[in-house]
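Engineer:
In UniProt numbering, the protein residues as written are 1 to 308.
#1: Give me the Cβ distance between residue 40 and residue 23, rounded to the nearest whole Å; I'm assuming they're in contact under 8 Å.
#2: Thinking just about the alpha-carbon of each residue, which of 243, 92, 166, 44 is nearest to the one in residue 72?
#3: Less than 8 Å between the C-beta atoms of residue 290 and residue 267, yes or no?
#4: Within 10 angstroms of its Cβ, does residue 2 collect 16 or more other Cβ (buried), or is it exposed?
#5: If we require 4 or more residues per run, which alpha helix (DSSP H) segments fall completely within the UniProt domain "CheW-like" (19–158)?
#6: I need the DSSP call for residue 240, collapsed to helix, strand or coil.
#7: Which of the three DSSP states is assigned to residue 1 in this structure?
#8: Taking only heavy atoms of the ligand ZN into account, decide whether any of them is closer than 7 Å to the Cβ of residue 144.
#9: From residue 304 to residue 234, what distance separates their C-alpha atoms?
#10: What is the C-beta distance between residue 177 and residue 297, in whole angstroms, given that I count them as a contact (C-beta under 8 Å)?
#11: Would you kindly work out how many angstroms separate the C-alpha atoms of residue 196 and residue 111, rounded to a whole number?
#12: Going by DSSP, what residue range makes up the alpha helix (DSSP H) through residue 363?
#13: Take every Cβ of the stretch 142–162, pair it with every Cβ of the stretch 244–264, and state whether three or more of those distances are shorter than 8 Å.
#14: Output yes or no for whether 8 Å exceeds the beta carbon distance between residue 203 and residue 181.
#15: Are the stretch 207–220 and the stretch 231–247 in contact at 8 Å, needing three or more beta carbon pairs?
#16: When we look at the beta-carbon of residue 148 and count the other beta-carbons within 10 Å, is it buried (16 or more) or exposed?
#17: Does the beta-carbon of residue 299 have 16 or more other beta-carbons within 10 angstroms, so that it is buried, or is it exposed?
#18: For residue 284, does the three-state DSSP call read helix, strand or coil?
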C-alpha cells in the first residue's frame, strides 16, 4: 500500500465528470467499506499510539505523523461494532474532513476503484436512523458500504453550531422571514446542521438528499412556470453525493437557461485548493468549507442584502 496515494493529485480530473475514486478497506469480517480518495491524505501501517486521558473511547490515541499530532479513531467502534478485534497489523487511513485531520484505524486496505456517482446509491430503506451509512455501491458483486464520517466526527468531537453575536441583525432576520434557501446534502447530520443554522438566520429551508433529487425538483419548478432564482435566495449544495455530485448538479443548472440564474454555493468537507478552480469551472458562485456556522450565516446575510 506504500504507493496507493502516489497519483492522487492526478485524480482531480475526475471531478466535474460525476466520477469518484473509492479507497476500499475492511474492518473485522469480510464486509467492504469505501472512502472517497479526495478525503485521504495517506495510508500507512499503524504507528505507535500515545493514549490520551479523558478522550472519547473511540479515540485509540494520538500519533506523531510528519511532525503533526493526529488523533486515531477506531472506525469499528465508532460505527457501533465494538473495538477492532484484529489489531495484529492494522492500517491507518489519514483523512481530512472539514479542515481537520484525523486517522481511522482499519484492519486492511484493499485497493482504489474508479466509479461513477450514478453507481453510488443512498442506503436501502428500512436501515433506520441509527446507521452510519451515507451511501452504498457494489464492486465485483460485493456490497460496499460508504460510512457517514461527518456523523462519526459530530459524535466524537461535536462542532459548535451557534452563530456568534453580531453576525445577524434584527433587520436582516425580519427580511429573511419571506425568503427560502434550498440545501442539498446526503449526510443527515450535515442537513440538520445547515438547516438549524439557516433557521436561526430566519429563512425557510427546503432540504434535499442528493444532486439528482435536487435537479429533478428544480426541473419540476420550471415546468410549472416558476423561476428558481425567484423561488430561492440561493442553493447551498454538498459536493459528494450519491446519484449526482454537486459539481455535476451545478453544471446541469448552469446549462439550463431556465434556471441558470440561481445563486449556488458549494458547501463541502472536501479539502484542497483545487476546489476553488472547480468552482469556476462548473460555474458556482461561491465555495464554503464545512461546517462553520458564522461563515455560512454570513453568506446568507450577504445574499439577503444583495437581493434588496
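All C-beta atoms, glycine included, are put in the ideal place defined by N, C-alpha and C. A quick note: this is a predicted structure, and the numbers were derived from the prediction, not measured.
Structural biologist: Looking at the atomic coordinates:
#1: 6 Å
#2: 92
#3: yes
#4: At residue 2, the pLDDT of 44 sits below 50, so the modelled position is not reliable; the number obtained from the coordinates is stated separately. The residue is exposed, with fewer than 16 neighbouring Cβ atoms inside 10 Å.
#5: Runs of the alpha helix (DSSP H) inside the UniProt domain "CheW-like" (19–158): 75–78, 149–156.
#6: coil
#7: Reliability of the predicted coordinates at residue 1 is poor, the pLDDT of 49 falling under 50, and no value is obtained from them.
#8: This structure simply doesn't include the ligand ZN, nor any ligand for that matter.
#9: 10 Å
#10: Contact doesn't hold; Cβ gap of about 15 Å is too wide.
#11: 38 Å
#12: The structure shown does not extend to residue 363, since the chain is modelled only from 1 to 308, so the question has no answer here.
#13: no
#14: yes
#15: yes
#16: buried
#17: buried
#18: coil
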